[in-house]
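> Protein chains in written order, with UniProt numbering: chain A, 1 to 334; chain B, 1 to 334.
Think of the CB as a built atom: it goes at the ideal place given N, C-alpha and C, for glycine as much as any other residue.
Fair warning: this is a prediction, and the values are worked out from it, not measured in the lab.
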DNA sequence: AAGAGTATTGTTAACGTGTGCATAGATGTG
DNA sequence: CACATCTATGCACACGTTAACAATACTCTT
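See below:
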């Protein structure tokens with residue numbers, strides 16, 4: 001069928017062992033023998049059988065890239081950037097195997113033999129069982145995007161607190177003093193972090209935020225819309241609103257227009273996430289960008305480091321977010 | 001280290017051959033023996049070593065999903081839908097290996113041993129070499145999204161001509177008679193197909209499209225913007241414009257607003273592709289949706305059929321597009 | 001010139017699984 | 001009861017590769 005090292009051995013008049021060593025550039029083999037064997041291998045268009053290699057070397061050349069879900073809810077842009085980032089690091093060193101965690105009925109088949117390492121892009125606490133399963137099996141692992149404190153697990157994510165701080169600071173620097181907040185979904189760590197960052201900014205600049213300027217949200221269009229309606233019904237309306245994600249910001253903007261006012265002329269709005277549509281809506285959205293691609297690059301890089309040096313680094317890495325300034329915020333001159 | 005069939009054999013007091021047969025549910029083995037072995041296997045938490053299996057069975061359990069590029073230009077939504085579609089069919093039968101074709105420096109490593117089948121989501125003629133390499137190696141292959149006539153290759157794509165026809169027909173049915181066209185990038189098959197479909201619709205309903213109502217485009221924002229400006233400078237402006245993709249439609253809409261007119265009140269606009277942002281822009285875009293997810297499902301399904309029945313079907317399958325009606329088109333009452 | 005050391009290659013077994021053939025026992029048949 | 005047939009299992013090898021150990025030839029030292 002296909003060419004094996006034994007075929008090459010015959011033609012070269014050596015043992016298959018010598019061929020194996022030659023092709024792996026072992027120092028044991030004479031340089032000219034190597035060269036002769038390489039030439040024959042090329043002529044025959046030899047490709048090693050990776051299954052055989054895997055069997056004896058006890059590694060799979062596979063890198064798992066697992067998402068919380070492929071079928072429900074992962075946003076396309078998020079997904080795309082994550083794969084791009086990881087792929088740019090992995091390239092041809094490993095095969096990139098993409099999976100949705102919710103496609104697994106049992107983690108039974110996830111073993112050290114089938115994955116040299118695994119990258120989990122986690123978007124939910126529900127990923128905890130698989131994280132523990134993988135950690136317990138001793139497979140090198142990095143969890144991206146969500147804080148995790150299982151021992152022996154690398155963790156790379158964006159510093160959302162700091163991102164929200166900058167967003168808040170930006171509004172203040174634009175002259176805003178009456179700043180409201182639409183919070184994220186209760187119970188989500190991201191919601192807490194974003195709120196904390198915002199509060200720290202307000203504290204830092206000595207801006208006080210009355211209770212009426214704080215409303216809970218659910219991270220969806222609807223809740224942003226409703227919250228903004230409430231702000232608009234106040235006697236003293238805020239001049240700027242920080243929404244804990246872009247979708248709520250969109251809903252909020254809609255509410256402003258419906259009330260006959262304008263963004264950013266009458267009210268400025270800031271979002272969080274820099275979702276794909278953020279640049280396309282009118283007005284385009286000023287928002288905080290989580291560096292997903294960079295996170296996945298960094299994560300893949302560190303995982304590779306762990307694998308190849310047989311380490312078990314287990315740090316948590318926070319990457320800085322970026323404030324994307326677009327049209328939805330206007331400086332306040334008053 | 002990890003549990004093998006030999007370990008199970010010892011515990012069960014049989015040969016490893018019997019264990020192998022039992023776990024593969026061979027009819028040669030007595031039912032009660034099977035059951036006994038299964039129980040032991042479960043207790044030991046046995047997982048077969050797929051590398052060993054692959055070696056002897058001569059199959060990899062790998063399914064390749066190749067994109068023209070991961071790093072430049074593939075749109076996130078497109079990418080996401082393709083993976084979703086394929087994944088929903090593949091699930092746990094194969095590992096899904098995602099690759100960018102432009103990451104390959106040599107196709108040398110793409111062999112029958114390493115991929116049981118390959119799905120190419122093709123966005124460019126440049127993919128031809130890899131398609132031929134795979135076909136020549138005899139690896140089961142399906143090419144999605146782009147017409148291909150290499151022999152022995154399955155081909156699933158959307159019927160863009162028909163999609164454009166419906167878009168055109170829709171405008172006519174809304175009462176429009178002065179309909180203009182912004183074409184796609186010259187040389188792209190999609191550009192030709194979309195134009196053909198549009199023309200067929202106009203012919204079908206007896207609408208004539210003067211030369212001044214046809215302008216070339218480059219599939220980008222800029223060219224859509226420019227073309228619309230030209231239409232607006234005409235004495236007799238069109239009442240509707242069909243843009244061969246969404247980005248150009250966006251540029252066109254921008255031009256309309258800049259001239260002080262409104263979409264859809266003064267001019268209706270239709271796009272093509274249903275890009276992620278189509279639903280979020282203002283006004284939201286009426287457009288033609290290519291069923292990428294369905295295409296990839298259908299493609300994966302047929303590829304699987306070929307692999308499992310050892311067939312070499314080589315048909316071309318066209319799937320219907322869908323007209324997504326949103327806000328950018330207004331009926332004309334005159 | 002003999003022994004030690006070194007450079008290069010070969011022999012053999014191993015990784016974990018599946019399968020063709022042989023075998024032993026059970027069952028049927030005339 | 002002798003022989004054929006069938007059922008359930010085991011033996012031995014194969015898949016393609018790497019690696020520990022063995023073997024050979026050559027060089028150097030004294």
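Is residue 235/A closer than 8 Å to residue 278/A when the C-beta atoms are compared?
As a working note, residue 278/A is residue 278 in the first chain. As a working note, residue 235/A is residue 235 in the first chain. No, Cβ-Cβ distance for residue 278/A and residue 235/A is not below 8 Å.
> If we cut at 8 Å on Cβ distances, does residue 80/A have a partner in chain B?
Taking the first residue of the first chain as 1, we reach residue 80/A at position 80. Closer than 8 Å: yes.
> Using 8 Å as the cut-off, can you tell me whether the segment 306 to 324 of chain B makes contact with the segment 272 to 290 of chain B, which would need three or more C-beta pairs spanning the two stretches below that distance?
In short, these stretches touch, since the Cβ pair count reaches three.
> Quick one: is residue 95/A near chain B, going by C-beta distance under 8 Å?
Stepping through the first chain from its first residue, residue 95/A is reached at position 95. Yes, its Cβ sits closer than 8 Å to a Cβ of chain B.
> Give the DSSP-derived three-state secondary structure of residue 109/B in the structure shown.
Looking up residue 109/B in the second chain gives position 109. Residue 109/B falls in the helix class under three-state DSSP.
> May I ask you to report which of helix, strand or coil DSSP gives residue 315/A?
Translated into the one-based positions of the first chain, residue 315/A becomes position 315. Reduced to three states, the DSSP call for residue 315/A is coil.
> Taking a cut of 8 Å between CB atoms, which residues from the segment 35 to 49 of chain B lie near chain A?
Residues passing the 8 Å Cβ filter: 45, 47 and 49.
> Do you know whose CA, among 114/A, 165/A, 162/A and 141/A, lies nearest residue 154/A's CA?
Locating residue 154/A in the first chain gives position 154, where the first residue counts as 1. If we check each option's Cα against that of residue 154/A, 141/A comes out closest.
> Helix or strand or just coil, what does DSSP make of residue 208/A?
Indexing the first chain from 1 puts residue 208/A at position 208. Here residue 208/A sits in coil by DSSP.
> Jot down the residue ranges of each uninterrupted alpha helix (DSSP H) in the segment 232 to 286 of chain B, minimum 4 residues, whole runs only, in chain order.
Counting only runs of 4 or more, we get 246 to 258.
> Quick check on the DSSP output: the alpha helix (DSSP H) that includes residue 51/A runs from which residue to which?
What you label residue 51/A is simply residue 51 of the first chain in a count that begins at 1. Segment 50 to 57, the alpha helix (DSSP H) holding residue 51/A.
> If residue 103/B sits next to residue 91/A, beta carbons under 8 Å apart, how far is it from one beta carbon to the other, in whole angstroms?
In the second chain, the residue the question calls residue 103/B occupies position 103. In the first chain, the residue the question calls residue 91/A occupies position 91. Right, the Cβ-Cβ distance comes to about 6 Å (below 8 Å), so this counts as a contact.
> Looking at C-alpha atoms only, which residue of 47/B, 139/B, 167/B and 307/B is the closest neighbour of residue 329/B?
Residue numbering aside, residue 329/B sits at position 329 when the second chain is read from its first letter. Out of 47/B, 139/B, 167/B and 307/B, 167/B has the C-alpha closest to the C-alpha of residue 329/B.
> Hey, out of 149/B, 223/B, 269/B and 132/B, whose CA is closest to residue 174/B's CA?
Numbered from 1 along the second chain, position 174 holds the residue referred to as residue 174/B. Checked all of 149/B, 223/B, 269/B and 132/B; the closest Cα to residue 174/B is 269/B.
> Check whether the Cβ atoms of residue 66/A and residue 139/A sit closer than 8 Å, and answer yes or no.
Position 66 of the first chain, counted from the first residue, corresponds to residue 66/A. Position 139 of the first chain, counted from the first residue, corresponds to residue 139/A. Cβ atoms of residue 66/A and residue 139/A: not closer than 8 Å.
> So which residues of chain B does residue 277/A contact, with C-beta pairs closer than 7 Å?
As a position in the first chain, residue 277/A is number 277, starting the count at 1. In chain order: 276, 277 and 280.
> Would residue 50/A and residue 2/B be called neighbours here (beta carbons separated by less than 8 Å)?
As a first step, residue 50/A is located in the first chain; it is residue number 50 there, counting from the start. As a first step, residue 2/B is located in the second chain; it is residue number 2 there, counting from the start. Result no, Cβ atoms of residue 50/A and residue 2/B do not sit closer than 8 Å.
> Classify residue 93/B as buried or exposed, calling it buried when 16 or more other Cβ atoms lie within 10 Å of its own Cβ.
The residue you call residue 93/B lines up with position 93 of the second chain. It is exposed - the Cβ of residue 93/B has fewer than 16 other Cβ atoms within 10 Å.
> Let's see if you can read the secondary structure: which residues bound the beta strand (DSSP E) around residue 97/B?
Position 97 of the second chain, counted from the first residue, corresponds to residue 97/B. Per DSSP, residue 97/B belongs to the beta strand (DSSP E) from 95 to 100.
> Measure the alpha-carbon distance for residue 294/B versus residue 302/B and round it to whole angstroms.
Walking along the second chain from the start, residue 294/B turns up at place 294. Walking along the second chain from the start, residue 302/B turns up at place 302. Residue 294/B and residue 302/B: Cα-Cα distance of roughly 12 Å.
> Got a sec: which bits of the segment 295 to 313 of chain A sit with their beta carbon under 9 Å from any beta carbon on chain B, in order along the chain?
Hits within the stretch: zero.
> Output the residue ranges of the alpha helix (DSSP H) runs that lie fully inside the segment 142 to 225 of chain B and measure 4 residues or longer, sorted by chain position.
You should have 160 to 173 and 189 to 204.
> For residue 412/A, I'd like the list of residues in its chain whose CB is within less than 7 Å of its CB, leaving aside the five on either flank, ordered along the chain.
This structure cannot speak to residue 412/A, because chain A is shown only from 1 to 334.
> Which class does residue 64/A belong to by DSSP, given the choice of helix, strand or coil?
Against the first chain, residue 64/A aligns to sequence position 64. If DSSP states are grouped into helix, strand and coil, residue 64/A belongs with the strands.
> What does residue 70/B touch in chain A if you count any residue whose Cβ is under 9 Å from its own?
To locate residue 70/B, count along the second chain from 1; it is residue 70. Under the 9 Å cutoff, chain A gives 80, 83, 84, 87 and 88.
> CA-CA distance, residue 89/B and residue 212/B?
The count along the second chain starts at 1 and reaches residue 89/B at position 89. The count along the second chain starts at 1 and reaches residue 212/B at position 212. Their Cα atoms are separated by approximately 47 Å.
> When the Cα atoms are used, what is the spatial distance from residue 306/B to residue 312/B?
Indexing the second chain from 1 puts residue 306/B at position 306. Indexing the second chain from 1 puts residue 312/B at position 312. If you take the alpha carbons of residue 306/B and residue 312/B, they lie about 6 Å apart.
> Would you call residue 264/A buried or exposed, if buried means 16 or more other Cβ atoms sit within 10 Å of its Cβ?
For this step, residue 264/A is matched to residue 264 along the first chain. Buried is the call here.
> Tell me the DSSP bridge mates of residue 288/B?
Along the second chain, one-based indexing puts residue 288/B at 288. Paired residues: 323/B.
> Check whether the segment 67 to 83 of chain B touches the segment 75 to 84 of chain A, taking contact to mean three or more Cβ pairs, one atom from each stretch, closer than 8 Å.
With the cut-off at 8 Å, the segment 67 to 83 of chain B and the segment 75 to 84 of chain A touch.
> Hey, quick one: how far does the alpha helix (DSSP H) through residue 119/B stretch, first residue to last?
Residue 119/B sits at position 119 when you count from the first residue of the second chain. Note, residue 119/B: premise wrong, no alpha helix (DSSP H); beta strand (DSSP E) at 117 to 121.
> If we count the other Cβ atoms within 10 Å of its Cβ and call it buried at 16 or more, is residue 222/A buried or exposed?
The count along the first chain starts at 1 and reaches residue 222/A at position 222. Under this definition residue 222/A is an exposed residue.
> Report the three-state DSSP secondary structure of residue 137/A (helix, strand or coil).
The residue given as residue 137/A occupies position 137 in the first chain. Three-state DSSP puts residue 137/A in coil, outside helix and strand.
> So with CB distances below 8 Å, who are the chain A contacts of residue 76/B?
Against the second chain, residue 76/B aligns to sequence position 76. Those within 8 Å of residue 76/B in chain A are 76, 77, 79, 80, 81 and 276.
> Give the residues from the segment 100 to 122 of chain A that approach chain B closer than 9 Å (Cβ to any Cβ), ordered along the chain.
Under the 9 Å Cβ criterion, the segment 100 to 122 of chain A contributes 100, 103, 104, 105, 108, 109, 110, 111, 112, 113 and 114.
> Between 152/A, 171/A, 55/A and 148/A, which has its C-alpha nearest residue 267/A's C-alpha?
Here residue 267/A refers to the residue found at position 267 when the first chain is read from its first residue. Cα-wise, what sits closest to residue 267/A is 171/A.
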